[in-house]
Each structure stands twice: as structure tokens, then as C-alpha cells.
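Taking our numbering, the leading residue of the sequence shown gets 175, the next gets one more, and so forth.
The C-beta atom is built at its ideal place from N, Cα and C for all residues, glycine as well.
Before any comments, here is the structure.
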Amino acid sequence: MKHTRIALILGLCLPLAVSAQNRISGWDTDKITSAEVQFSVPDVETTSFSFQERTDLDVILSFLKGVEFRPWEPDSLVAPEDRECHIVFQGQRDQVYLWSRSACIGKTSFGIDLSVLSDFEDLVGRLGR
Numbered sequence: 175m176k177h178t179r180i181a182l183i184l185g186l187c188l189p190l191a192v193s194a195q196n197r198i199s200g201w202d203t204d205k206i207t208s209a210e211v212q213f214s215v216p217d218v219e220t221t222s223f224s225f226q227e228r229t230d231l232d233v234i235l236s237f238l239k240g241v242e243f244r245p246w247e248p249d250s251l252v253a254p255e256d257r258e259c260h261i262v263f264q265g266q267r268d269q270v271y272l273w274s275r276s277a278c279i280g281k282t283s284f285g286i287d288l289s290v291l292s293d294f295e296d297l298v299g300r301l302g303r
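Following this line, the structure appears as C-alpha cells:
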């Protein structure tokens with residue numbers, strides 16, 4: 175009986191721990207009225223996109239909610255990141271930064287898959303047409 179209770183408690187708490195890693199899931203997205211997305215590469219002009227349409231904002235937020243933000247463990251042997259995406263949402267105080275191997279939401283750093291930045295860049299390029 176004791177093991178059943180422990181298993182039940184762990185089963186109920188596990189989804190909370192997983193969703194807590196992606197802080198975007200806790201945002202009140204209805205308050206977001208626009209998003210400014212900037213892609214930067216050293217020695218290249220910054221590319222900016224602005225989105226106000228609710229459907230575009232929902233696509234961007236849905237993409238970010240689907241990202242697996244893992245606890246970040248810096249590796250001093252890895253070269254510094256040179257590509258950056260900065261996302262500012264009007265109506266939400268936390269800003270999002272994406273690099274090739276890491277991300278930052280507000281003041282919290284995370285590790286992300288290598289494909290996230292390029293996938294997001296493709297998505298924004300399609301929406302920005």
C-alpha cells in the first residue's frame with residue numbers, strides 16, 4: 175500500500191516537473207500583443223521580424239512551448255556561440271534568447287537541441303513572408 179501511494183504521488187508530480195522546465199507554458203499568452211524577433215550573426219547585419227497577428231503569435235508560442243528546455247551545464251571546451259536569436263514579446267516581461275546549444279528565458283539558462291535555432295529561423299522566415 176505504501177509503494178502504491180509513493181508511485182501515485184510520483185506519477186502526479188512528474189508532469190509538473192517536466193512542464194516547469196519550459197517556463198513559456200506558464201505564461202498568460204492572451205496578454206501578448208506582438209513579438210519582435212531578431213537574428214544576429216557577428217559581422218552581418220541583424221535581421222528583424224515583427225509579428226502582431228494572433229495566428230503568427232500562436233505559431234511562435236506553440237513552437238517555443240514544444241522545445242525541450244533542459245538544465246544547462248556550461249562546457250568550457252565548447253567554442254562560444256556566434257548565432258543568436260532575441261525574442262521580445264509585448265505583454266510578457268521575460269525575453270527569450272536562443273543560441274545553437276543553449277537558451278535563456280528571463281534570467282534562467284537552459285540547454286536545447288542543436289536543431290532548435292535553425293528550425294525556429296526557418297519558421298520565422300516562413301511567417302515573415
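| Item | Value |
| --- | --- |
| Beta bridge counterpart(s) of GLY265 as assigned by DSSP | GLY265 pairs with nothing; no bridge assigned. |
| Residue burial classification, CYS187 (beta-carbon count within 10 angstroms, cutoff 16) | Because the pLDDT at CYS187 is just 42, under 50, the model does not fix this residue reliably, and the value given afterwards should be weighed accordingly. With fewer than 16 Cβ atoms within 10 Å of its Cβ, CYS187 is classed as exposed. |
| Separation of LEU297 from PHE223, as counted between CA atoms | 12 angstroms |
| Exposure of VAL211, with buried meaning 16 or more beta-carbon neighbours within 10 Å | buried |
| Sub-9 angstroms separation of ILE206 and GLY265 beta-carbons | yes |
| Rounded separation between TRP201 and ILE234 - CA only | 13 angstroms |
| Those residues which DSSP pairs with GLN226 across a bridge | In the DSSP output, where bridge partners are listed per residue, GLN226 has none listed. |
| 9 angstroms Cβ cutoff met for PHE243 and ALA277 | yes |
| Rounded Cβ spacing between PHE237 and PHE294 (contact assumed at less than 8 angstroms) | 6 angstroms |
| Cα-Cα separation between TRP273 and ASP230, rounded to whole angstroms | 22 angstroms |
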